[in-house]
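Numbers 0 to 384, taken from numbering that gives the first Met the number 0, label the letters of the sequence shown in order.
Just below is one structure, and these are the notes that go with it.
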Amino acid sequence: MFRPGRVLNVKVTYLIDSENVGDFWIPLLDLPAEETELVVFYTRNSPHMSYESLIRLKESDRHVTFIKCYEGTNALDFQLVSEMGYRIALRNSDSYVIVTNDTGYDAAVKYWKHKKCAVKRITGKECRYIDRRARERDEEERPAEQDRAAQTSAEEKQQTPAETAPVQKAAPAPADREIPAAEEAVTEPAAETETAEETVQTPVQEEAPEEAQEEQDQPAEETSSETARDAEPEAAEEAEAVEAEAEEPAAEEVQKKGLSDKDLLEIEMIVSCIGPENLAEIHNQLALFFGERGKEIYQGLKNGEITVNPQKGETVEKYQVYGQLIFARAEEEYPRDLPQFLLDSSDKMKNLNSLRYALLKHYGKDKGHRYYYLLKPFVKVLNQM
Numbered sequence: 000m001f002r003p004g005r006v007l008n009v010k011v012t013y014l015i016d017s018e019n020v021g022d023f024w025i026p027l028l029d030l031p032a033e034e035t036e037l038v039v040f041y042t043r044n045s046p047h048m049s050y051e052s053l054i055r056l057k058e059s060d061r062h063v064t065f066i067k068c069y070e071g072t073n074a075l076d077f078q079l080v081s082e083m084g085y086r087i088a089l090r091n092s093d094s095y096v097i098v099t100n101d102t103g104y105d106a107a108v109k110y111w112k113h114k115k116c117a118v119k120r121i122t123g124k125e126c127r128y129i130d131r132r133a134r135e136r137d138e139e140e141r142p143a144e145q146d147r148a149a150q151t152s153a154e155e156k157q158q159t160p161a162e163t164a165p166v167q168k169a170a171p172a173p174a175d176r177e178i179p180a181a182e183e184a185v186t187e188p189a190a191e192t193e194t195a196e197e198t199v200q201t202p203v204q205e206e207a208p209e210e211a212q213e214e215q216d217q218p219a220e221e222t223s224s225e226t227a228r229d230a231e232p233e234a235a236e237e238a239e240a241v242e243a244e245a246e247e248p249a250a251e252e253v254q255k256k257g258l259s260d261k262d263l264l265e266i267e268m269i270v271s272c273i274g275p276e277n278l279a280e281i282h283n284q285l286a287l288f289f290g291e292r293g294k295e296i297y298q299g300l301k302n303g304e305i306t307v308n309p310q311k312g313e314t315v316e317k318y319q320v321y322g323q324l325i326f327a328r329a330e331e332e333y334p335r336d337l338p339q340f341l342l343d344s345s346d347k348m349k350n351l352n353s354l355r356y357a358l359l360k361h362y363g364k365d366k367g368h369r370y371y372y373l374l375k376p377f378v379k380v381l382n383q384m
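And the structure:
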């Protein structure tokens with residue numbers, strides 16, 4: 000049995016696989032220190048941090064725990080999961096987030112979810128969005144707090160008895176009663192905005208429901224204004240509204256999933272390279288590229304809510320397209336000779352150590368290490384192209 004240890008009582012603990020995500024976790028430094036803990040697992044094989052990241056880490060006031068791991072095949076992965084299990088036993092956090100692009104952790108995530116523990120995995124790129132959402136919530140809360148303070152002040156003034164007779168005569172009671180109601184009407188939309196942003200991930204998702212609501216409300220207003228005139232125009236308008244609604248659901252479903260034109264193009268490239276018949280691998284790759292949204296996108300493809308037009312191509316062309324997707328997602332400069340290298344090294348991709356050695360030999364130590372950890376989660380699908 001584990002003995003009681005240091006209890007932090009933080010809300011979220013982030014366990015970071017630096018071999019896999021490099022310094023993509025740096026934006027997490029801006030999360031509230033009293034609510035989050037950052038634990039970085041590293042080895043000599045972890046990619047070097049950029050100067051910008053080092054400066055940001057040095058200038059940050061928050062504490063970050065660094066754990067040096069023993070080296071070996073998947074050694075860091077096992078040590079990270081072991082540390083997480085130890086912390087879960089100590090109950091020093093409400094939830095745990097593994098920061099990695101490696102889907103191999105998903106089995107451990109499912110295990111702990113089955114045990115009713117709040118555990119999930121996010122990709123390195125998603126760290127930037129978490130940081131952005133936290134800042135946006137702070138910016139939204141400031142004006143809301145100011146509105147509430149102004150409302151409280153107005154109510155206090157209304158309830159405070161007047162000190163002199165002239166002030167009593169000059170203060171009209173009806174106007175004073177209307178002021179709090181008007182201010183409440185201003186503050187309520189702010190609360191609604193906060194709720195929408197907590198449940199919606201992208202601006203596209205926020206705008207779609209508003210536009211749909213305007214389209215639904217507008218015909219109703221026009222119909223009510225023409226009720227006394229004639230029934231035929233009303234029926235025509237209703238028929239047009241029904242026809243418009245029948246044409247739009249597919250686009251609305253895409254907007255609900257927060258997919259941009261760029262996202263749809265990437266999905267089409269993924270399906271083209273993997274092959275539309277390989278559903279299991281499409282599911283896995285969508286999870287790698289899109290994180291938690293990947294499952295929704297996969298279901299959309301299966302249900303026909305999202306449609307793509309898969310293209311055929313030679314293996315080297317698929318290597319080029321998929322390599323560009325991988326490197327773009329990691330914001331890493333794409334090596335132009337990568338497709339030919341992968342084609343020449345197809346036999347070495349059957350073994351991760353052989354692929355790593357080949358990358359180090361061809362691209363040098365620094366780039367070879369970075370390229371290896373970028374390609375590692377995608378080796379299986381590259382072998383199938």
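We treat Cβ as the ideally placed atom computed from N, Cα and C, and that holds for glycine.
Here the structure is a predicted model, which means the values were calculated and not measured.
Where do the ends of the beta strand (DSSP E) carrying residue i lie?
| i | result |
| --- | --- |
| Y95 | S92 to V98 |
Considering just the uninterrupted stretch of the alpha helix (DSSP H) at residue i, what are its terminal residues?
| i | result |
| --- | --- |
| F65 | F65 -> not in any alpha helix (DSSP H); beta strand (DSSP E) instead, spanning V63 to K67. |
| K57 | Y50 to E58 |
| V320 | T314 to R328 |
| E295 | R292 to N302 |
| R86 | A74 to L89 |
| W111 | D105 to H113 |
| I266 | D260 to I273 |
| Q339 | L337 to D343 |
| E280 | L278 to F289 |
| L381 | V378 to N382 |
| L358 | L351 to Y362 |
| E18 | S17 to V20 |
Within this structure, are the beta carbons of residue i and residue j separated by less than 7 Å?
| i | j | result |
| --- | --- | --- |
| L337 | K347 | no |
| V118 | Y13 | no |
| W24 | V98 | yes |
| V39 | S17 | yes |
| G367 | L359 | yes |
| T102 | L75 | no |
| S344 | A329 | no |
| F288 | I296 | no |
| M48 | D29 | no |
| L285 | G293 | yes |
| Y318 | F326 | no |
| N100 | G123 | yes |
| E267 | V307 | yes |
| E361 | F340 | Just to set this straight, residue 361 is His in the shown sequence, not Glu. A contact, by the Cβ cut-off of 7 Å. |
| L37 | V63 | yes |
| V315 | L351 | no |
Looking at the strands, I want to know which residues DSSP matches up with residue i.
| i | result |
| --- | --- |
| T12 | E36 and Y95 |
| I121 | V98 |
| Y372 | DSSP output for Y372 lists no bridge partner at all. |
| Y41 | K67 |
Here's the rule I'm using: 16 or more other beta-carbon atoms within 10 Å means buried, otherwise exposed. How should residue i be labelled?
| i | result |
| --- | --- |
| V320 | buried |
| R335 | exposed |
| N302 | exposed |
| M384 | buried |
| L324 | buried |
| Q310 | exposed |
| K11 | According to the sequence provided, residue 11 is Val. The question's Lys does not apply to it. Result: buried. |
| N19 | buried |
| I54 | exposed |
| T35 | buried |
| S81 | exposed |
| C126 | buried |
| K379 | exposed |
| E246 | At E246 the pLDDT is 45, less than 50, meaning the model places this residue with poor confidence; the figure from the coordinates comes in the next sentence. Exposed, because fewer than 16 other Cβ atoms sit within 10 Å of the Cβ of E246. |
| D216 | In this predicted model, D216 has a pLDDT of only 47, less than 50, meaning its place in the structure is not dependable; the value taken from the coordinates is given anyway. Exposed, since its Cβ has fewer than 16 Cβ neighbours within 10 Å. |
| G93 | The displayed chain sequence assigns Asp, not Gly, to residue 93. When all chains shown are included, D93 counts as exposed. |
| P173 | Here the model assigns P173 a pLDDT of 47, short of 50, so the residue's position is not dependable and the matter cannot be decided. |
| E183 | The predicted position of E183 is uncertain, since its pLDDT is 41 and thus under 50; a value taken from the coordinates is nonetheless stated next. Classification of E183: exposed, given that the 10 Å Cβ count is below 16. |
| Y69 | exposed |
| S259 | exposed |
| P31 | exposed |
| G322 | buried |
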